[in-house]
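Participant:
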Amino acid sequence: MLSKKTSVPFRGTEAQEQALLEVIREMKDEKGALMPILQKAQDIYGYLPIEVQKIISNETGIPLEKIYGVATFYSQFTLSPKGRYKISVCLGTACYVKGSGDIYNKLMEKLGIVGGECTPDGKFSLDACRCIGACGLAPVMTINDDVYGRLKVDDIDDILAKYE
Ligand code: FES
626 MLSKKTSVPF
636 RGTEAQEQAL
646 LEVIREMKDE
656 KGALMPILQK
666 AQDIYGYLPI
676 EVQKIISNET
686 GIPLEKIYGV
696 ATFYSQFTLS
706 PKGRYKISVC
716 LGTACYVKGS
726 GDIYNKLMEK
736 LGIVGGECTP
746 DGKFSLDACR
756 CIGACGLAPV
766 MTINDDVYGR
776 LKVDDIDDIL
786 AKYE
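Numbering (the numbering used here), first residue to last: 626 to 789.
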């Protein structure tokens, strides 16, 4: 598990690494520094790939296992980058009873990723969400700022094709 890498290659820049090292230098001697360091690291990179966790481990002396455990335990942290197009499928009750689970499964199958992941080309990421307050349109998904309602599994191909 610990060596699990996202399928998207890590593309951290020198500037990002310098910013992270600066944050670690400032915070590492404070008690309970790991959470704020991870938060800042996610602000810098947009997510917490294993490469970033290793830098934090090397610089703070905190074992990688512990960092990985914290990064995977708290839902505010993500180990995968988000895609150019962020797909979010509502799995709230109204959407779920109208079949959003099938929509979600179809997207996973079609994109070849599971929820929380991003396609290797960085184009689409897929997540589930709770009610977004559009239950009248159930089942609902969003792609960035676009909202799609009354979805059917057969609509998915045409919708994805709009995003180049
Ligand atoms: S349950 Fe999906 S929008 Fe409310």
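Each residue gets a CB set at the ideal place from its N, CA and C atoms; glycine is no exception.
So if I measure from each beta-carbon to every heavy atom of ligand 1 and keep distances below 5 Å, which residues remain?
Facilitator: Selection output, chain order preserved: Cys-715, Gly-717, Ala-719, Cys-720, Cys-756, Ile-757, Ala-759, Cys-760, Val-765.
Participant: Looking at Val-648: is its Cβ nearer than 8 Å to the Cβ of Ile-662?
Facilitator: yes
Participant: Using the C-alpha atoms, what's the distance from Gly-708 back to Lys-629?
Facilitator: Note that Lys-629 scores 48 on pLDDT, short of 50, meaning its location in the model is unreliable; the coordinates nonetheless yield the value given after this. Taking the straight line joining both Cα atoms gives about 19 Å.
Participant: Output the boundary residues of the beta strand (DSSP E) element that contains Thr-767.
Facilitator: 766-768
Participant: What are the start and end residues of the alpha helix (DSSP H) that includes Tyr-729?
Facilitator: 725-736
Participant: Pick out whichever of Ala-666, Ser-713, Phe-635, Gly-747 has its Cα sitting closest to the Cα of Glu-789.
Facilitator: Gly-747
Participant: If we ignore side chains and look at the alpha-carbon of each, how far apart do Gly-657 and Ile-687 end up?
Facilitator: In a straight line, the C-alpha of Gly-657 is about 11 Å away from that of Ile-687.
Participant: Which residues mark the beginning and the end of the alpha helix (DSSP H) in which Tyr-721 is found?
Facilitator: Judged by DSSP secondary structure, Tyr-721 falls within the alpha helix (DSSP H) whose first and last residues are 718-722.
Participant: For Leu-673, which of Phe-698, Ile-757, Gly-724 has the nearest alpha-carbon?
Facilitator: Phe-698
Participant: Which whole-angstrom value describes the C-beta separation of Leu-751 and Ile-712, a residue pair presumed to lie in contact below a C-beta threshold of 8 Å?
Facilitator: 5 Å
Participant: Where does Ser-713 sit, in a helix, a strand or coil, going by DSSP?
Facilitator: The DSSP-derived three-state label of Ser-713 is strand.
Participant: What is the residue span of the beta strand (DSSP E) that Leu-751 lies within?
Facilitator: 749-754
Participant: Could you please give me the residues that DSSP links to Cys-743 through a beta bridge?
Facilitator: Looking at the DSSP assignment, Cys-743 forms a beta bridge with Ser-750.
Participant: Identify, in the order they occur along the chain, each residue of the same chain with its Cβ nearer than 7 Å to the Cβ of Phe-702, setting aside the five sequence neighbours on each side.
Facilitator: Leu-663, Gln-667, Leu-673, Ala-696
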